[in-house]
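Following: one structure in structure tokens, then a few remarks.
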Amino acid sequence: MEALQKFRKKSVYKKRLSKIAAEVNDKLLLENLKLFEGENLIQAEILMFHPEPEKWVTGAYIKIGYFGDSDLRFQDEVHGSLILQADKTVELLYAKYMKALIDYEGLQRTETYMFPIEGFREILLNAINHKDYSTGIPIQISIYEDKIYVWNDGK
Numbered sequence: 113m114e115a116l117q118k119f120r121k122k123s124v125y126k127k128r129l130s131k132i133a134a135e136v137n138d139k140l141l142l143e144n145l146k147l148f149e150g151e152n153l154i155q156a157e158i159l160m161f162h163p164e165p166e167k168w169v170t171g172a173y174i175k176i177g178y179f180g181d182s183d184l185r186f187q188d189e190v191h192g193s194l195i196l197q198a199d200k201t202v203e204l205l206y207a208k209y210m211k212a213l214i215d216y217e218g219l220q221r222t223e224t225y226m227f228p229i230e231g232f233r234e235i236l237l238n239a240i241n242h243k244d245y246s247t248g249i250p251i252q253i254s255i256y257e258d259k260i261y262v263w264n265d266g267k
């Protein structure tokens with residue numbers, strides 16, 4: 113339900129769905145998105161909206177690790193529907209993993225990250241969209257002090 117609500121809200125905000133189209137019941141919304149084959153939901157629906165897609169698709173999560181001197185220092189995993197994984201991953205990376213350069217414009221504090229959030233979100237969404245979900249291997253994000261690697265088993 114949380115993922116569907118977030119999808120509706122973002123789709124209306126980005127004008128990809130009208131408010132009326134977003135307000136239909138869940139089954140009709142999923143049918144309109146072509147996420148049914150006959151009476152059965154397709155794998156894309158489970159990945160996008162189910163709170164535990166790994167029950168059906170092994171490796172449908174994101175692993176994040178912070179490396180210093182090529183040794184793993186700490187790590188996290190982000191689970192849940194892909195729609196929520198994207199937001200949770202971006203929030204986690206910018207809150208825990210990335211250091212911001214702090215500057216001041218008068219009394220106003222500004223923070224500059226090594227990667228703009230919008231750019232990283234695009235990289236992450238590409239990794240999620242182009243991952244080969246049949247391999248059982250999660251998306252892997254490796255954070256270093258001066259670089260980020262995003263890897264998936266896909267094309």
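Residues are numbered in the working numbering as their position in the sequence shown, beginning at 1, plus a constant of 112. Backbone N, C-alpha and C define an ideal beta-carbon position, used for all residues, glycine too. Only a predicted model underlies this, so the values are computations on that prediction, with no experimental measurement involved.
Best match in the options for proximity to residue i [C-alpha to C-alpha]
i, options, result
"Ser182", "Glu157, Ile260, Ile154, Phe148", "Ile260"
"Gly231", "Arg120, Tyr206, Ala133", "Tyr206"
"Gly180", "Asn264, Glu257, Phe161", "Glu257"
"Phe119", "Asp199, Glu149, Glu166", "Asp199"
"Met113", "Lys139, Leu213, Arg128", "Lys139"
"Asp244", "Ala134, Gly218, Ile229, Gly266", "Gly266"
"Asn137", "Glu151, Leu116, Lys126, Ala156", "Leu116"
"Gln187", "Asn152, Met210, Glu135, Glu166", "Met210"
"Ser193", "Asp215, Leu129, Lys167, Lys126", "Lys167"
"Val262", "Ala156, Tyr125, Tyr178, Glu164", "Tyr178"
"Glu135", "Lys126, Lys146, Lys121", "Lys121"
"Thr224", "Ala212, Ile195, Gly150, Glu234", "Ala212"
"Ser246", "Gly171, Leu237, Glu234, Ala239", "Gly171"
"Leu236", "Glu203, Arg128, Glu164, Arg185", "Glu203"
"Ile229", "Pro250, Ile195, Thr201", "Thr201"
"Gln197", "Gly218, Ala239, Gln220, Phe227", "Ala239"
"Gly314", "Gly218, Leu129, Pro165, Lys127", "Nothing about residue 314 can be read from this structure; the chain reaches only from 113 to 267."
"Met226", "Gly218, Leu219, Ile214", "Ile214"
8 Å contact criterion, which residue i and residue j should meet: CB distance rounded
i, j, result
"Ile158", "Val169", "7 Å"
"Ile253", "Ile174", "7 Å"
"Ile154", "Phe148", "7 Å"
"Asn264", "Ile251", "5 Å"
One or two residues paired with residue i in a DSSP bridge
i, result
"Tyr261", "Ser254"
"Tyr216", "Arg221"
"Gly266", "Lys243"
"Gly180", "Asp183"
The beta strand (DSSP E) enclosing residue i, as first and last residue numbers
i, result
"Asp188", "183-190"
Residue interval of the alpha helix (DSSP H) (run including residue i)
i, result
"Tyr125", "114-125"
"Glu234", "229-242"
"Glu203", "194-204"
"Lys131", "131-134"
Let me know the alpha helix (DSSP H) ranges lying completely inside the region 138-177, each 4 residues or longer, listed in chain order.
The region 138-177 contains these whole alpha helix (DSSP H) runs: 138-144, 155-161.
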